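In case it helps, my numbering puts the sequence shown at residues 33 to 77.
Worksheet: the structure to be examined is printed underneath.
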Amino acid sequence: MTRVNIEVEDELHKKAKLAAVLENKTLIEFINEAVKDKVERSRKK
Numbered sequence: 033m034t035r036v037n038i039e040v041e042d043e044l045h046k047k048a049k050l051a052a053v054l055e056n057k058t059l060i061e062f063i064n065e066a067v068k069d070k071v072e073r074s075r076k077k
């Protein structure tokens, strides 16, 4: 696994953290899943 240092808007961070908690996931798990989904969708185009 590769470590990545990113900057995220405060509001996006709050929303992502809340969504992760509601799905009983860590923020890292939530972000990894979101990035994977986005990559898969962009490949289908």
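Using N, Cα and C, we set each Cβ at its ideal position, and we do this for glycine too.
On a predicted model such as this, the values are computed, not experimentally measured, just so you know.
- For Glu55, no alpha helix (DSSP H) segment is defined, and its DSSP state is neither H nor E.
- Secondary structure at Ile63: helix, using DSSP grouped into helix, strand and coil.
- By the CB criterion at 8 Å, Glu61 and Ala52 fall inside the cutoff.
- Its chain contains Lys49 and Ala52 as the residues whose beta carbon lies nearer than 6 Å to that of Leu59, once the 5 sequence neighbours on both sides are disregarded; these appear in chain order.
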